[in-house]
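In our numbering, the protein residues as written are 13 to 412.
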């Protein structure tokens, strides 16, 4: 078996380390005190076993330039680094992400976002039962979130860091409960990839589309000592293939807005993005947010071994070795394009983003428009009671 030897790697942080494998050499510097370290270790260990003859002095880094200075390349012939936050913040920040989507005319793929309570209220005149989330533009995992009914909107006082996002209320359920899917995107070498694996976070309380209860709509405490929520491996779910395809269609739809991220990537520059999505009762996905440097560790053995370690293994393999793995490249279909959540015969490729999109041009500097959301006549569907594919047991799954 391959062994792993650790040495300090010269960089801004003494926690950054050099990993040397007996069957090859992998140099890397990781975010100091990163909880994901054990899963990175497992990914490098597996790569050293799969590529016993690998010899390279390339330095792989997983550092955020908001907090860390990249190490000097020094004796390394190549330094692979994560994309600068100066680029990714336009999608990591919920307010700026909404502007980028509007600039690409593809905001319908996401839950609609508003900067004022009046915009949100006016946009839903046709839907008095609508609910809304108040979110901090830079936060994730439900931090600082609250849910409010439409008739309470005009009493709100938003801070400068808050936005309003319309709730997707008619959704698919698991055991009568709301769930959110975490999927993974990789931007590398002018290409966009979507991983085949993901996680499903199932809320603890029974779902009620009109509830403003934090536990029903927001809380997913799967990492707490006594959690009510559950963290599941997506590929063990019977409808995983449908969900993954629905998410892929939405990513195709927003590719015009993502083009600046694709263009900013290179052979030595990558971005790993964790995205969140809901599945509507109609079967279509609705994207919620993007997270640069997504959490790749949880107090769940199945997630760590089947999802996190596989994604990190494929991330490193793709950017360092150009390996073919479960990161599938997303390319615009030659004869179809996705518009308004439907596949239509277009015969042309997506329009490309112009340089003025990054940062947004003058017409995007003002407040976001309030476009009405077409609410269907469908209702929540419990996926645990309407299965279309045979269930896959975790015991039968393995990392490939």
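For each residue, glycine too, the CB sits at the ideal point set by N, CA and C.
Candidates the options, of which the one nearest residue i by Cα
i           : options           : result
residue 270 : 339, 117, 314     : 117
residue 297 : 342, 96, 309, 265 : 265
residue 210 : 70, 259, 219      : 259
residue 99  : 295, 275, 254     : 275
residue 277 : 126, 198, 160     : 198
residue 261 : 190, 291, 46      : 291
residue 110 : 80, 86, 149, 87   : 149
residue 224 : 172, 159, 334     : 159
residue 152 : 106, 80, 64       : 106
residue 243 : 334, 126, 189, 80 : 189
residue 221 : 182, 335, 245     : 182
residue 195 : 108, 49, 285      : 285
residue 267 : 64, 205, 246, 314 : 205
Other residues of its chain near residue i: CB distance less than 7 Å, five sequence neighbours each side excluded
i           : result
residue 62  : none
residue 96  : 77
residue 295 : 254, 258
residue 59  : 38, 325, 328, 329
residue 281 : 93, 95
residue 283 : 94, 95, 100, 199, 273, 277, 304
residue 157 : 145, 146, 147, 230
residue 366 : Low per-residue confidence applies at residue 366: pLDDT is 31, beneath 50, and the placement is therefore not dependable, though the value from the model is reported in the following sentence. Taken in chain order, the list of residues that qualify is empty.
Residues near residue i by beta carbon distance below 6 Å, same chain, minus five either side
i           : result
residue 112 : 102, 269
residue 279 : 201
residue 326 : 337, 338, 339
residue 23  : Residue placement at residue 23 is poorly supported in this model, since its pLDDT is 42, which falls under 50; the coordinates still yield a value, given next. Hits under 6 Å: 41, 83.
residue 108 : 102
residue 85  : 91
residue 53  : none
Exposure of residue i, with buried meaning 16 or more beta-carbon neighbours within 10 Å
i           : result
residue 300 : buried
residue 83  : buried
residue 140 : exposed
residue 228 : buried
residue 306 : buried
residue 57  : buried
residue 287 : buried
residue 256 : buried
residue 226 : exposed
residue 272 : buried
residue 177 : buried
residue 413 : With the chain represented from 13 up to 412, any question about residue 413 goes unanswered, as that position is not in the structure.
residue 311 : exposed
residue 172 : exposed
residue 45  : exposed
residue 87  : exposed
residue 67  : exposed
residue 55  : buried
residue 252 : buried
residue 48  : buried
residue 79  : exposed
residue 33  : In this prediction, residue 33 scores a pLDDT of 37, lower than 50, which makes its location untrustworthy; the coordinate-derived value is nonetheless stated afterwards. Residue 33 comes out buried.
Sub-8 Å separation of residue i and residue j beta-carbons
i           : j           : result
residue 104 : residue 303 : yes
residue 207 : residue 323 : yes
residue 4   : residue 219 : Since the first residue of the chain shown is 13 and the last is 412, residue 4 is not available in this structure.
residue 203 : residue 175 : no
residue 129 : residue 143 : no
residue 293 : residue 193 : no
residue 342 : residue 263 : yes
residue 135 : residue 126 : yes
Integer Cβ distance of residue i from residue j, believed to fall under 8 Å
i           : j           : result
residue 165 : residue 133 : 4 Å
residue 42  : residue 74  : 5 Å
residue 89  : residue 70  : 7 Å
Beta-carbon contacts of residue i that lie in its chain and below 8 Å, excluding the five residues immediately before and after
i           : result
residue 72  : 38, 39, 40, 41, 92, 328, 331, 332
residue 51  : 308, 309, 316, 320, 321, 324
residue 335 : 326, 329
residue 163 : 140
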